[in-house]
Every structure is written in structure tokens, then in C-alpha cells.
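Residues in the sequence shown are numbered from 108 upward in steps of one, following the working numbering.
Virtual Cβ for every residue (Gly too), placed ideally from N, Cα, C.
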Amino acid sequence: MEKTLPQQAVPAAGGCGFRTLDGALLADCGQSAKGRVMMMQVLLIEDHFADALLLQEWLEAANVVWEITHVQTFAEAVACWHALAYDVLLLDLDIPDGFGLEVLRRSLALVEERPVVVLSGLENPSVALEALALGALAYVVKGPAAVQTLLTLFPSA
């Protein structure tokens, strides 16, 4: 069965979490600490749904349970970031409303003290070094090995 792309996310009932327009839950708030697990809240900015879906599947295969909110643009990320308390921002550097280090600078300003991890389809050492110099926590090349790198960066998640 083919999976279809959610084109937009809307706030879930109660203002906590996001659902696709067809009602499927994309992300919900972490549960309370009263005997329930608090999951790491991740905002993923990725304009290619297939890449976002693969990352989520690779995380699931590694038994990693994160609450991931997937958006396709920086503008959507801004709205989401202020709606929930995210722990980390995963950022593709080539999105419809931003490109390269410019979108990284905007992302770092948005998240303030929280970590930004660049996810790139290209292994580019010079861009990776510049991203780290600007303040990114890491530059991770997309692929199955990216999950292990993310687990190294966030071992308690």
C-alpha cells in the first residue's frame, strides 16, 4: 500500500500536537511524568516526505521512540516551535523557503539554546564545518547510519 504525503498539519484538539488535514496524528505532547514516559520532542524540517518517513522508520527499527513533528517549510516550523516545547530541531538545508547556511542561521535564532542537527543528503565537509562553526550540534548525512549518529548525540532519548 502506498503511503501518501500529508500536505499540511493543523493543531490537534486542546492545542497540543498536530494532525494532518485527514485527522492522522503527526505528533502529540509528551505524557505527564505521573508514571508515564516523557519522549523526546523533535521538530523535523524536511520537504521530502519520503526522507521524513524513512527517518521515522529507521528510528522505529532501532527501537527509538521519539515524538516527531514533521513540517516542510521554515514558516511551518516557526508556528510549531512556539506551540510545543521541542527538545531538538532536525533541519534539512534545502527547503522551499530557505537554503543552506541561511536557513541554519534562522533556525539557530528560532531555537535559542536548544540543539539543531543538520540532516543533509550530501556529504559536504566544508558546509559541515561551517554549520558547526555557526552553532549546529552536528551535520548528519541522511541514511540508515544517521540513526546511530542521532543516538550518539542523544543517548538518553
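By the criterion of at least three beta-carbon pairs nearer than 8 Å, the region 144 to 154 is in contact with the region 167 to 177. Out of GLU209, GLU220 and ALA252, the CA that lies nearest to the CA of LEU161 is found in ALA252. Scanning LEU257, LEU217, ALA235 and ALA238 for the CA closest to the CA of ALA182 turns up LEU217.
Beta-bridge annotation (DSSP): ALA245 is paired with VAL224. 8 Å or more divides the Cβ of ALA157 from the Cβ of VAL254. Non-local C-beta neighbours of LEU208 in its own chain, meaning closer than 8 Å and more than five positions away in sequence, comprise LEU200, VAL234, GLU237, ALA238 and LEU241, ordered along the chain.
The beta-carbon distance between ARG221 and VAL185, rounded to whole angstroms, is 14 Å. This is too long to meet the 8 Å contact definition. In the three-state scheme derived from DSSP, where H, G and I count as helix and E and B as strand, THR256 is classed as helix. Checking the DSSP bridge columns, you'll see GLU174 partnered with GLN148. A residue is called buried when at least 16 other Cβ atoms come within 10 angstroms of its Cβ; LEU257 meets this threshold and is buried.
Residue pairing for PHE206: DSSP places it in a beta bridge opposite ASP201. Counting the other Cβ atoms within 10 Å of the Cβ of ALA159 gives 16 or more, which makes it buried. Distances from the alpha-carbon of LEU229 to those of ALA192, VAL248, TRP188 and PHE261 put VAL248 closest. The DSSP-derived three-state label of LEU217 is helix.
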